[in-house]
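Enquirer: My questions all concern the structure below.
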Amino acid sequence: DRVRVRDASGRVVREWRMSMAGPAVFDLGGLVPGAYLMEVRSGNEVATHRLVKLAD
């Protein structure tokens with residue numbers, strides 16, 4: 015399973031591989047405030063969510 019964060023231009027700025035067995039915490043430190051897309055892939059399924067980082 016994989017989680018990717020993409021910036022407004024579509025560039026992957028963070029990526030994690032993990033088990034989706036429970037809650038997850040993602041470190042977005044180092045990313046500038048702004049809008050991002052979080053793509054969650056599990057098997058053949060993909061979910062995309064909008065993410066807004068307000069501040070560090």
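Numbering (my numbering), first residue to last: 15 to 70.
For every residue, glycine included, the Cβ atom is placed at its ideal position computed from N, Cα and C.
So what's residue 44 in DSSP terms, helix, strand or just coil?
Expert: coil
Enquirer: So who's on the other strand from residue 60, going by DSSP bridges?
Expert: 55
Enquirer: Give the secondary structure of residue 39 by DSSP, where H, G and I count as helix, E and B as strand, and everything else as coil.
Expert: coil
Enquirer: Hey, how far is the Cα of residue 18 from the Cα of residue 46?
Expert: Each residue's Cα considered, the two are about 16 Å apart.
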